[in-house]
Structure formats: structure tokens, C-alpha cells
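Add 283 to a position in the sequence shown, counting from 1, and you land on the number used in this note's numbering. Have a look at the structure below before the remarks.
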Amino acid sequence: MTGASLGPGPESGARSLVVGVGARRGVPGDAVFALIEAVLSGAGLDPADVVEVATVDAKGDEPGIVGAAARLGVPVRTHPAGALAAVRVPHPSAGVGAAAGTPSVAEAAALIEADELVVPKTRSPGGKAAAKGVATCAVARRFPAADGTFDVSGGKTSTSPVTAGSRPFTMAAMNPPTHPPTRDLESAGPDLGHHGDAEVRGENLTDLAVNVRTHTPPPWLRERIAASLTSLAAYPDGSSARAAVAGRHGLPVERVLLTAGAAEAFVLIARALPARRPVVVHPQFTEPEAALRAAGHEVGRVLLRAEDGFRLDPAAVPEEADLVMVGNPTNPTSVLHPAALLEKLARPGRTLVVDEAFMDVVPGEREALCDRTDIPGLVVLRSLTKTWGLAGLRIGYVLAEPETVARLADAQPLWPVSTPALAAAEACMEPRALVEAAQAADRITVDRAHLLAGLAEFSEVEVVEAARGPFVLVRLERAAEVRERLRLLGFAARRGDTFPGLGPRWLRLAVRDRATTNRFLQALDQAVQALPARSGR
């Protein structure tokens, strides 16, 4: 098994089957598996010839589909709704098209990277009424090339002139909401509301799912926060902390806005800044898009590709986009985009939001834009959560043009940042804190290299190259099963399928000290070795 393929393929000349599945939320795994089993049996097809279960991105984490694929011993492969919509299917449905973004999830997902449809869309037993709560499936056949290999990067389909490989970037094709402003994240596809803390909450696990630096906050910072508690009777005054942030970046205070974490900044931007065509560059932290959708915006997505190392191409962002959000270094890919490339995204009339929540983990903060005042429409977000272990205190800040800062401040409630959080912000701007942060960045660089060296020993694992954040992104077959086995062995890893542009084969791993990493690598070896071999392969 290798991380770059779908597992050992059939012999040259054999046929591989792709099962496309569409399902409503909450469908049981038994129902999906029974449907697939019945369809294969009815067509005289061998389940051992199934190479994958395919579906739309929005259904990639549906337990029923994941469970059915696991019983078949194959991975779940997901595709953007826009790519599936371009596949001509024999049995389209207007209702499905409106709900899922493609006229037939099952047929399009089966055909998009296959050569012929073997079994058309089939509903679960019980008729249309029952099917509304259950599933549909279709089966397509993929022919091997002359060398016996299979092209899974966007191979042709006989029913459509469009292939996945010909669409390196997908924009505004991911079910934009038409509902009034609500936090309806399900309509956006992957679960944008899922965060790493859900992987460890209430569990006694070694945490590789959350990117907060361990053994933080340091004692001196805890003392400063505790000392501020004597002032809780007074309303918070952020002037001193604001001046400290401005001084740290060499900016006038008018360009600084303190927020209750970077997450509040995303909400303020979504609600207070004008935007007709907002675009989010993915894969990245999901909260920016979640905030835009909750504010009622239709959100376009630019999906960076694994084949390109998730590197940014400024030309992929549509000219008409008037609000662009991108992370640097990006969560979860750990890619550090060159500042010169990000500058190319800026232009008059466009707001460019760069999330630099992890920039202080990059030695020397190279490629940072936080102190730039010459880029039109630039908004930079910073967080003190990760390096200083202040996720529970909620403190971050915005650096932008004074007019933008004023507009965002008008959207804030009164006294949005607490007195303890203000004390922490001021303390973290002091020279000794900056020295400690720089030393921490150097240690993380060394510890990350150790983790990467260990992962390189696994043929099953493919790592996104040039990681620069306090985490790495990896791809491996049956990642969901590996993640569950790691939990049994005491380790929590961040699932990747909730990030748009990724899927169920991805995991994000936080960088930890060498001893913790060594224990994790041993557990990973056990988890991979314990996977049962696929039958018929």
C-alpha cells in the first residue's frame, strides 16, 4: 500500500469498478452497504473488483457511506459538486441538482473518473418515498492503461468532455447558499464547523489534533494574567495593549484592532465589509468561509491541488472577486506562500485578508505582510492562541487601513476583549516575549524535521512537502481507519475531510517534541500494520 495510489490494482487487462453513492444525512451504513451489495449481485459483479466508493465532497464524511466503504475494504473518494455537475448523466434529477449541486451524485461520482456506466442509478428498496431517507448508487467500470495502471487524477469518461484533471481550480460551484443569513454549514459541503478540539474533548489522548503549543502559557504569562484579575471591577481599557501591538509591528495605533481571537475578526469582516463576490482559497481554516456564509454571502472557492503542492496561483482567483481570504502559512497544508505572490492578489476595490495566525512559528517571520502599509485593501489577522496557549482566553488582532479598522470596530460590541486578554496581549508584545517566541519557532522547526523524517519511513504515507507551520498534512489510504486505531493507541489526529479541497484520505498532525513524536510513530506503525488486507487484491 502506498500513500500516492489507491492500493494495489488488478492485473493488466482486468476491470475495476467504481461505486458512486448519494445519500441523505443520517443514512445507516447497513442500508448503504445492502444497496451496494444488491446492485453488484444483481449485475453479476464481484465486490472484490470494487476499487473505491465515490461521492460528492459534501457527503465524504457521511458515516453511512464511510461505513459501507470500510465493509467493502475500499476508500471513499470525493469530488467537488461543480466537477460532478459537468458530467453528463443518463438519469438527472432537478431535485437532486438543487440540493446537491449535481443532477445525480451517484452516476456522476461513478463516471467522473471511469470509462463506462455498468449499472445506472438505483434507489434503495421501497420506492421513491423510502429513497428520500436512504440512498442511491451507480456502478461504473474503469479500464486499465496498457501498463496495467489506472489513471485516478482525472481520467476521461465517455459521457463527458470535462474531466476532474482539467479543472485544477473550482470557483463558486460548491452549493452557495440562497437562504437568509443562518449558520447553515451543511449546505457548504464539508463540515465547516468541525475543529481539532473535537478530536480530544473529554478524552485522555495525546493531542496531535490541535495546533496550540504544548506547556503553555508559560509561568510569567500566567502571572501577568492573574495580576490583571484585581482590575475586573473596571471596564476593560484596550488602549495600552493596542499601543503595544502597534509598537511591535511599527504601525500607528489607528491600524490596529484588538479582537476576541482571530475568529471574531472573521465574523466582523463577513458582517462589516462590503463584498459582492467573496472568495476563499482552500484548503484552509474553515472559519472564514463559515463566517461569510453565516452572514448570508454566497462564497466562491478556489481549490489548490495536492499535485501542485497546494501552492497558490494568483491567476486562479477571479478578477471579479472583491474579497479574498487566504492563510499564510496555511492551515492545514502547512504551506508558506511567498509574500510576492500574495501581493499579486491585491488591487484597488478588493479586500485581501491574509490569516497569519501561524506566522510567528516561521523563523524570522519571512513572507509576513503584517507591517506592510503599501498594499491596497490588505487586512492581516494575527492570533496569540497558538504560540502562547491562550485558546481559552480569546485574543487576537487585525492590522489594516484605518478606515477598515474603524468599520470593523463599529461592528464590535462594547468592550469585546476582556481585561485578562488585554493584559496577555500587552505582555506578549514585550521584547522578552518576542525572544521566547523566536526560540519556540526554532524548536518547532527542529521538531518538525524529526517528525517528517519519521514519516518518510512509511511507504503508506505521503506528506505535503515544504511544511512550514507547527503541523504537517499527510495522505494515506483508509485514513479514517488509521485515525480510529491511533485513538485506541492513545493519540488524536485531526481528520482532513472537513477541509474543502481535501477528503477522507487526509490527516493533519501537530508537531510535538521528539519523545512524543517517537511514541506517535510507533503507534502509527502499529495502526498501519493492523489494517486488514483487502480481499481479492
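Backbone N, C-alpha and C fix where the C-beta goes; we use that ideal spot for every residue, glycine too.
Residues that DSSP places opposite C653 in a beta bridge: The count along the sequence shown starts at 1 and reaches residue 653 at position 370. Beta-bridge analysis with DSSP links C653 to no other residue.
From V359, A351, P358, K404, residue whose alpha carbon lies closest to that of S376: Taking the sequence shown and counting its residues from 1, one reaches residue 376 at position 93. Between S376 and the set V359, A351, P358, K404, the nearest pair of CA atoms involves K404.
Uninterrupted beta strand (DSSP E) stretches inside the region 299 to 385 (no shorter than 3 residues): Under the rule that a run must span 3 or more residues, the beta strand (DSSP E) segments found entirely inside the region 299 to 385 read 299 to 306, 333 to 339, 359 to 362.
Spatial neighbours of T825 in its chain, beta-carbon cut-off 6 Å, leaving aside the 5 residues before and after: As displayed, the chain neither begins before 284 nor continues past 820, which places residue 825 out of reach and without an answer.
Residue environment, P621, which counts as buried when at least 16 other CB atoms sit within 10 Å: In the sequence shown, counting from the first residue as 1, residue 621 sits at position 338. When all chains shown are included, P621 counts as exposed.
Simplified DSSP state of A573, which is helix, strand or coil: Taking the sequence shown and counting its residues from 1, one reaches residue 573 at position 290. In this structure, A573 counts as helix in the three-state DSSP scheme.
In DSSP terms, what V402 is bridged to: Taking the first residue of the sequence shown as position 1, residue 402 is located at position 119. DSSP lists V422 as partners of V402.
Nearest neighbour of H362, chosen from S514, A558, P783 [CA to CA]: Here residue 362 refers to the residue found at position 79 when the sequence shown is read from its first residue. When each option's Cα is compared against that of H362, the closest is P783.
Among P659, E713, G312, nearest to V417 - alpha-carbon criterion: On the sequence shown, residue 417 is found 134 positions in, with the first residue counted as 1. Closest by alpha carbon: G312.
Residue from E764, A694, A707 with nearest C-alpha to L556: Position 273 of the sequence shown, counted from the start, is the residue given in the question as residue 556. Out of E764, A694, A707, A694 has the C-alpha closest to the C-alpha of L556.
E491 - containing beta strand (DSSP E), residue span: Residue 491 sits at position 208 when you count from the first residue of the sequence shown. The residue asked about is misnamed: residue 491 is Leu in this sequence, not Glu. Here the beta strand (DSSP E) through L491 covers 489 to 491.
In chain order, each alpha helix (DSSP H) run of at least 4 residues that lies wholly inside the region 479 to 557: Listed in chain order, the alpha helix (DSSP H) elements of length 4 or more contained wholly in the region 479 to 557 are 502 to 510, 522 to 532, 544 to 555.
Proximity to V582 [Cα-Cα], best of L504, L652, A553: Within the sequence shown, residue 582 is the residue found at index 299, counting from 1. Selection L504, L652, A553 evaluated against V582 yields A553 as nearest (Cα-Cα).
Which listed residue (R655, A391, R424, T338) has its alpha carbon closest to that of A326: Counting from one through the sequence shown, the residue named residue 326 turns up at place 43. For A326, the closest alpha carbon among the candidates R655, A391, R424, T338 is that of R424.
Pick from D730, E626, R507, R633 that is closest to V562, judged by C-alpha positions: In the sequence shown, the residue the question calls residue 562 occupies position 279. Of D730, E626, R507, R633, the residue nearest in Cα terms is R633.
Environment of R665 [buried if 16+ CB atoms lie within 10 Å]: Indexing the sequence shown from 1 puts residue 665 at position 382. Looking at its Cβ environment, which holds 16 or more other Cβ atoms inside 10 Å, R665 is buried.
Cα-Cα separation, A391 to I348: The sequence position of residue 391 within the sequence shown is 108, counting from 1. The sequence position of residue 348 within the sequence shown is 65, counting from 1. Each residue's Cα considered, the two are about 16 Å apart.
Unbroken beta strand (DSSP E) run spanning A739, endpoints: On the sequence shown, residue 739 is found 456 positions in, with the first residue counted as 1. Note, A739: premise wrong, no beta strand (DSSP E); not H, not E.
Cross-strand partners of M608 (DSSP beta bridge): Taking the sequence shown and counting its residues from 1, the one referred to as residue 608 is at position 325. For M608, which the question treats as bridged, DSSP gives the partners V563, V636.
Contact the region 644 to 654 vs the region 706 to 726: 3+ CB pairs below 8 Å: Three or more pairs of CB atoms, one per stretch, sit closer than 8 Å, so the region 644 to 654 contacts the region 706 to 726.
Inter-residue CB distance, T656 and L756 (contact presumed, cutoff 8 Å): To locate residue 656, count along the sequence shown from 1; it is residue 373. To locate residue 756, count along the sequence shown from 1; it is residue 473. Beta-carbon to beta-carbon, T656 and L756 are separated by about 33 Å, too far to satisfy the 8 Å threshold.
V644: first and last residue of the uninterrupted beta strand (DSSP E) it sits in: As a position in the sequence shown, residue 644 is number 361, starting the count at 1. Run containing V644: none; DSSP gives neither H nor E here.
Whole-angstrom distance between L606 and L635, CA atom to CA atom: The sequence position of residue 635 within the sequence shown is 352, counting from 1. The sequence position of residue 606 within the sequence shown is 323, counting from 1. The straight-line gap from Cα to Cα measures roughly 6 Å.
Opposing strand residues paired with R777 [DSSP bridges]: By one-based count along the sequence shown, residue 777 stands at place 494. R777 is bridged to R791.
C-beta atoms of V304 and A351 nearer than 9 Å: The residue labelled residue 304 in the question sits at position 21 within the sequence shown. The residue labelled residue 351 in the question sits at position 68 within the sequence shown. Yes, the Cβ-Cβ distance between V304 and A351 is below 9 Å.
Close Cβ partners of H532 (< 7 Å) along its chain, the five nearest in sequence each way excluded: Translated into the one-based positions of the sequence shown, residue 532 becomes position 249. Within the same chain, C653, D654, L682 come within 7 Å of H532 by CB-CB distance, once the 5 residues on both sides are set aside.
Stretch pair the region 770 to 788 + the region 576 to 592: three plus CB contacts closer than 8 Å: With the rule of 3 Cβ pairs closer than 8 Å, the region 770 to 788 counts as touching the region 576 to 592.
D490, buried or exposed, once every other Cβ within 10 Å from all chains shown has been counted against 16: As a first step, residue 490 is located in the sequence shown; it is residue number 207 there, counting from the start. Residue burial is scored here from C-beta neighbours: D490 has at least 16 other C-beta atoms within 10 angstroms and is therefore classed as buried.
Paired residues, beta bridge with S666 - DSSP: The residue given as residue 666 occupies position 383 in the sequence shown. BP columns for S666 point to G679.
Buried/exposed call for A750, threshold 16 Cβ in 10 Å: Residue numbering aside, residue 750 sits at position 467 when the sequence shown is read from its first letter. Buried: at least 16 other Cβ atoms inside 10 Å.
Opposing strand residues paired with V747 [DSSP bridges]: Residue mapping note: residue 747 aligns to position 464 of the sequence shown, counting from 1. DSSP output for V747 lists no bridge partner at all.
Residue from A393, P373, T385, V370 whose Cα sits closest to the Cα of L334: Mapped onto the sequence shown, residue 334 falls at position 51. With the sequence shown as reference, residue 334 is identified as Val, and Leu is not the correct amino acid for it. Comparing C-alpha distances from V334 to each of A393, P373, T385, V370 shows the shortest one belongs to A393.
Contacting residues, own chain, Cβ-Cβ under 6 Å from M642 (five flanking each side not counted): Counted from its first residue, the sequence shown places residue 642 at position 359. So the qualifying residues of the chain are E648, A651.
Cα-Cα separation between L300 and F426, rounded to whole angstroms: Position 17 of the sequence shown, counted from the start, is the residue given in the question as residue 300. Position 143 of the sequence shown, counted from the start, is the residue given in the question as residue 426. Taking the Cα positions, L300 is about 9 Å away from F426.
Residue closest to A548, alpha-carbon to alpha-carbon, out of G660, G610, Y680: The sequence position of residue 548 within the sequence shown is 265, counting from 1. Residue Y680 is the option with its Cα nearest to A548.
Pairwise C-alpha distance: A598 and F741: To locate residue 741, count along the sequence shown from 1; it is residue 458. To locate residue 598, count along the sequence shown from 1; it is residue 315. Whole-angstrom Cα-Cα distance: 35 Å.
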